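Before any comments, here is the structure.
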Amino acid sequence: MCTGIQISDKMAKSKGESRFTRSVSLPTSRVRKGKRRDRSVEERQEDENKEEIHTALREIKNLAIGAKKEFKRKRVYKLYCEELIEKWIPNLKRLLRITTKEERRDQEEAEAQEENLRRETEKDLRSFSKKFDQKRAHADEIATLKKKYEDELAKQKRDYENIISKLKREHGEEEKKYQDEKERLLTRLSQAAGDKLRQNNPAISDLSDPYRPTKLSEMFSELYDNEWTNAMDLMDSDCSEHKAVQTLLRIQLNVFELCKGLSETQLSSLRAACCGKDNNEKEISTTTDSKLKEMLKEMAPLAIKESRDNKEIWQKLEDNFSKDIVEKCKAYIQKCIECSWFMCVQDPPMHLVVWKSGVEMDNNCMKSFTKLGKFVDFSVWPALYLYKAGPLLSKGIVQGTNNTSV
């Protein structure tokens, strides 16, 4: 390699002659013709190194030419030489792999440090990877335990809600059961108290009974206002008013007596069925007798409509009155049977009163029919009493007269 002094001497010998030409022994960048082959990465790297060598040689050549032209200007010459020494010669040595002992030692130390650094880095990476795996495994374990406990908590919550719902349902059923039992016992107590209070005290009635005496009194009055009036219209066409009134009154009294006798027969049958035919009826307790009478009242609707007793009443009415009259007064008779039967099964039975001719008028228990007077000419409709010699429920209707000789 040429030094700066040698280059300066050669430049002084021949000013116009250039001694720096491309060496035939140096590698060329020309690519040979022929079939191209696939090259590996090392071959491509070698080509790149060759290109860099040519570049460095061109720069050295250019610096030498520039130094030749500008050798008189010392500063510029010095600058060219420093750039040549500090930059391009080391690059050329590196590319040509020309190193000194110190450089090799430094390189070995650098490689050793690099190897140590690589090993330390790998060690740190392994340690970090291990810790990371442990941390991830720990996180996975925590997530698994969390999900397990959440599922367990959700299951316990569902079980708790099911238990609470079941307990509430059972509590509601028990509460309803006890409430029903309480209502039943209160009803029994109230009924027992009412029965005891009404026993031997017919003035006190059960307000829940649709056929209590006050209601029957209303039914009896409606019978006179409606069915009796209609029957009178039918009877007037065949007979006088007086005869029609007496016929309808006799029908009502006949029906009442028949119902009274049949209800007493039914009560006797119930007593016999309960205590036996040979036992004395006096041996029946008051409570039992009251229950039997209550049973008779409950059987009353059936007895009125479809029983053998009902047919017997109609048959006897046809025997006592003509079949034509019974047919004309059918609606009236049916209503008479209904009212009379319910009145006779009361405890004690209700009572009807009529007055004979010549009895003095009593406005406390009588109402006039079409004529006023001081005396009774004839009875039109009976008075209704709660029981025999009991309080009056509805007044009777009579025809008045002032003739004392009636």
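Reading the sequence shown from the start, the letters are residues 108 to 513 in the numbering used here. Yeah, the Cβ is synthetic: ideal placement off N, Cα and C, and Gly gets one too. Nothing here was measured: the structure is a model prediction, and the numbers come from that model.
By the CB criterion at 7 Å, Gly480 and Asn509 fall inside the cutoff. One Cα belongs to Val487, the other to Tyr494, and the distance between them is close to 21 Å.
Taking the Cβ atoms as the reference, Leu377 lies roughly 6 Å from Met402, within the contact range of under 8 Å. Val487: member of the beta strand (DSSP E) spanning 482 to 488, first to last residue. With fewer than 16 other Cβ atoms inside 10 Å of its own Cβ, Tyr285 counts as exposed. Approximately 5 Å separates the beta-carbon atoms of Lys474 and Lys502; this is inside 8 Å, confirming the contact.
Rounded to the nearest angstrom, the Cβ distance from Leu374 to Leu399 is 6 Å, consistent with a contact under 8 Å. In the displayed model, Lys502 falls within coil according to three-state DSSP, outside both helix and strand.
For the stretch 313 to 391, the full-length alpha helix (DSSP H) segments reaching 4 residues or more read 320 to 330, 336 to 342, 348 to 382 along the chain. Our two residues, Trp421 and Glu281, have alpha carbons roughly 54 Å apart in a direct line. Bounds of any alpha helix (DSSP H) do not take in Val452, whose DSSP letter is neither H nor E. Judged by their CB atoms, Phe449 and Ala490 are not nearer to each other than the 7 Å cut-off. C-alpha of Leu232 to C-alpha of Glu155: approximately 35 Å in a straight line. When DSSP reads this structure, Leu493 sits in no beta bridge, so it has no partner.
Proximity to Leu360 across Glu348, Ile411, Leu409, Asn427 peaks at Asn427, based on C-alpha coordinates. 7 Å or more divides the Cβ of Glu364 from the Cβ of Ile411.
Look at Ser429 here: in three-state DSSP terms it is coil, with no helix or strand label. Burial of Phe482 is indicated by the presence of at least 16 other C-beta atoms within 10 angstroms of its C-beta.
Going by beta carbons, Cys472 and Leu499 fall inside the 7 Å limit. In the three-state scheme derived from DSSP, where H, G and I count as helix and E and B as strand, Ser414 is classed as coil. Taking all protein chains in view, the Cβ of Ser347 is surrounded by fewer than 16 other Cβ atoms within 10 Å, so the residue is classified as exposed. Judged by beta-carbon spacing, Phe476 lies within the 7 Å limit of Gln506, meaning their Cβ atoms are closer than that value. The closest CA to that of Asp484, considering only Lys463, Asp469, Tyr492, is found on Lys463.
Spanning the alpha carbons of Asp340 and Tyr439 requires a straight line of approximately 12 Å. Judged by beta-carbon spacing, Lys442 lies within the 7 Å limit of Leu330, meaning their Cβ atoms are closer than that value. Exclusion of the five residues before and after Lys423 leaves Leu365 as the residues of its chain whose Cβ lies within less than 7 Å of its Cβ. Each residue's CA atom was taken as its position, placing Arg319 and Met326 some 11 Å apart.
Across the structure, Val461 and His349 are spaced so that their CA atoms are roughly 16 Å apart. Here His458 is buried, its C-beta having at least 16 other C-beta atoms within 10 Å.
If you look at Lys474, you'll find it in the beta strand (DSSP E) that goes 473 to 475. For Glu334, same chain residues with a beta-carbon under 7 Å away, outside a window of 5 residues either side, are Ala438, Tyr439, Lys442 in chain order. Straight through space, the alpha carbons of His245 and Phe239 are spaced by roughly 10 Å. Secondary structure note for Leu459: its beta strand (DSSP E) is the uninterrupted segment 458 to 460.
DSSP, reduced to helix, strand and coil, places Gly465 outside both helices and strands of the structure shown, so it counts as coil.
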